[in-house]
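Notes follow once the structure below has been shown.
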Amino acid sequence: MTGVALAIGFQLAISGSALAQQAKSQPKQAAQPKQQQQAGQQQQSAWVKLCEKANFVRRDKDGKENHEEKNICLTHHERLDGNTGMVLVSAAIRQVEGMEKQHLMIMVPLGMAIPPGVRAAVYSKEQWEKAQKNETIDESTLKPINLHYSLCHPAGCTAEVEATEELINSMKTGGGLMVLAINANGQPIAFPVPLDGFAAAHTGAPVDNKAYAEARSQLMQQIRQRQAELMRQARERQQQQQQGAAPENKAAEKKKQ
727 MTGVALAIGF QLAISGSALA QQAKSQPKQA AQPKQQQQAG QQQQSAWVKL CEKANFVRRD
787 KDGKENHEEK NICLTHHERL DGNTGMVLVS AAIRQVEGME KQHLMIMVPL GMAIPPGVRA
847 AVYSKEQWEK AQKNETIDES TLKPINLHYS LCHPAGCTAE VEATEELINS MKTGGGLMVL
907 AINANGQPIA FPVPLDGFAA AHTGAPVDNK AYAEARSQLM QQIRQRQAEL MRQARERQQQ
967 QQQGAAPENK AAEKKKQ
């Protein structure tokens, strides 16, 4: 597989790194030299850890319901279309308090074929760098991850698989996660997910849910403003075309007379 797949569908994509940074509520710093700013940008991560309490209901041998509250954490990454706000791809590791097993969850847009499921592979940092340079990757060294769809909703379809310790460790040291889904026409669609910052997010403390929600709301508002601006520009172009066509129509009518 070459790095060509990395560019599919992501020319207008923006990552959730802004959300992660805002949610951490870091204080503003004074202006820094250009080199330091670039280094800081490279350290930003689109991976963020969110946790919340959830109520679990279990039945004992007598059929009596027992309610138990557990903490559920998602270490996740999402990429949004900067013009529509649509989630292009999201990946997450789900951890449930008191349970040893973790799960890898990947969501792709609607319109993908369900039976094939989703395939993914963790690229090493060297492989990821080669892919970005459009260099060929030795696929024999990749360990395929097969995920089966478990849920579809208006935002997309989610596939999941148990995340073994080996898989999580490879994600912590890897360069990227390449996700492949099959569309309705039988064509493979690649969704690249960089792994920069995954290890720190997965092992670190969760961000504040309220701050994250506010940051995401601000991002959605920016996207809506962008949509409104694009519509305004489209209307202006249409009006200009109509105004330009009017004199030509009048001239054509005069010639006929």
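Going by the working numbering, the sequence shown opens with residue 727, and the numbers climb by one from there. Glycine included, each C-beta is placed from N, C-alpha and C at the ideal position.
Own chain residues within Cβ distance below 8 Å of isoleucine 798, not counting five before or after: Locating residue 798 in the sequence shown gives position 72, where the first residue counts as 1. The residues are Cys777, Glu778, Lys779, Ala780, Arg820, Gln821, Val822 and Glu823.
If we count the other Cβ atoms within 10 Å of its Cβ and call it buried at 16 or more, is leucine 738 buried or exposed? Counted from its first residue, the sequence shown places residue 738 at position 12. Residue placement at leucine 738 is poorly supported in this model, since its pLDDT is 33, which falls under 50; the coordinates still yield a value, given next. Exposed, because fewer than 16 other Cβ atoms sit within 10 Å of the Cβ of leucine 738.
What residue ranges within the segment 856 to 903 form continuous beta strand (DSSP E) runs of no fewer than 3 residues, ordered along the chain? 871 to 879 and 882 to 889
What are the boundary residues of the alpha helix (DSSP H) that alanine 927 is part of? For the purposes of this step, residue 927 is taken as the residue at position 201 of the sequence shown. Residues 924 to 929.
Run through DSSP, which three-state label would leucine 921 get? Translated into positions along the sequence shown, residue 921 becomes position 195. Here leucine 921 sits in coil by DSSP.
Hey, out of Glu826, Leu873 and Val774, whose CA is closest to threonine 801's CA? Residue mapping note: residue 801 aligns to position 75 of the sequence shown, counting from 1. Of the listed residues, the one whose Cα sits closest to threonine 801 is Val774.
What three-state label does DSSP hand alanine 941 in the structure shown? The residue given as residue 941 occupies position 215 in the sequence shown. DSSP places alanine 941 in helix when its eight states are reduced to three.
Checking 8 Å against the spacing of the C-beta atoms, do alanine 881 and histidine 874 come in under that value? Position 155 of the sequence shown, counted from the start, is the residue given in the question as residue 881. Position 148 of the sequence shown, counted from the start, is the residue given in the question as residue 874. Not closer than 8 Å, so no.
So, helix, strand or coil for lysine 987, using DSSP? Residue coverage of the chain in this structure runs from 727 to 983, which leaves residue 987 outside it and unanswerable.
Between the alpha carbons of histidine 879 and glycine 901, how many angstroms are there, rounded? Here residue 879 refers to the residue found at position 153 when the sequence shown is read from its first residue. Here residue 901 refers to the residue found at position 175 when the sequence shown is read from its first residue. C-alpha separation (whole angstroms): 30 Å.
Methionine 833 versus arginine 963 - alpha carbon distance: Translated into positions along the sequence shown, residue 833 becomes position 107. Translated into positions along the sequence shown, residue 963 becomes position 237. The straight-line gap from Cα to Cα measures roughly 37 Å.
Step through the CB atoms of chain B and report whether any lies within less than 8 Å of the CB of glycine 808. Protein chains in the displayed structure number just one, and chain B is not present.
Backbone CA spacing between asparagine 895 and phenylalanine 782 [nearest angstrom]: Within the sequence shown, the letter at position 169 stands for residue 895. Within the sequence shown, the letter at position 56 stands for residue 782. Going from the Cα of asparagine 895 to the Cα of phenylalanine 782 covers about 29 Å.
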